[in-house]
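Worksheet: one structure, shown below.
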Amino acid sequence: MNYIYKIGVLFGIVLLFSTSCQSEKKDKEEIKIGTKKEKISSFDLGKSVFNGKGKCYTCHKIDKKSIGPGVIDIIKIYEEQNGDLIAFLKQEAEPIVDPETYAVMKTNFAIIKTFTEEELKAVTVYMNEIGKTETK
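Numbering follows this note's numbering, with no gaps: position 59 of the sequence shown is 61.
Below you can see the structure in the form of structure tokens.
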């Protein structure tokens, strides 16, 4: 009888530990810290891509020609000619601003191909806002 009692107590302890460990595990699985993602504006994302990942700033200054045309000139000409800047960046349209430097720009399309659709749109938002703000 003493043997059965000891087995029962041992079984109870094992059962108690196994259920208490599982409930702790569930609680830990349900807690999610730091998963809230803040929404960044298109302008800020575009600025980040233009000056970071894309390295566009190395060839395109805001208000003057460098290796490539300035942002103000790009935006002005694309508006005047009703051009599609995103199509150009996707290599789906011919260059309409400074086509002579297009060969240099072609080397950067490998970087541009890594841009998401959201990043492409954001870069054009950034360029449009900067181009229009700087001319006022």
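Virtual Cβ for every residue (Gly too), placed ideally from N, Cα, C.
From a predicted model like this one, the values you see are computed outputs, not experimental measurements.
| Check | Outcome |
| --- | --- |
| What do you get for Ala124, buried or exposed, if any count of 16 or more other CB atoms within 10 angstroms of its CB means buried? | buried |
| Cα separation between Lys108 and Lys41? | 32 Å |
| Pick out whichever of Gly133, Ile74 and Tyr128 has its Cα sitting closest to the Cα of Asp139. | Within the shown structure, residues of the chain are numbered from 3 to 138, placing residue 139 beyond reach of any answer. |
| Taking the straight line between their C-alpha atoms, what separation do you get for Glu152 and Ile74? | For residue 152 there is no data in the structure shown, the boundaries of the chain being 3 and 138. |
| For Glu96, count neighbouring Cβ atoms within 10 angstroms of its own Cβ and tell me buried if that reaches 16, exposed if not. | exposed |
| Under the rule that 16 or more other beta-carbon atoms within 10 Å means buried, what is Val51, buried or exposed? | buried |
| Are Gly72 and Ile114 close, meaning C-beta to C-beta below 9 Å? | no |
| If we count the other Cβ atoms within 10 Å of its Cβ and call it buried at 16 or more, is Val106 buried or exposed? | exposed |
| With a Cβ-Cβ cutoff of 9 Å, do Asn130 and Cys61 count as a contact? | no |
| Given a threshold of 16 other Cβ atoms within 10 Å of its Cβ, counted over all protein chains shown, does Tyr104 qualify as buried or as exposed? | exposed |
| Helix, strand or coil for Asp100? Go by DSSP, reduced to three states. | coil |
| Need the endpoints of the alpha helix (DSSP H) that Gly48 sits in, please. | Ser44 to Asn53 |
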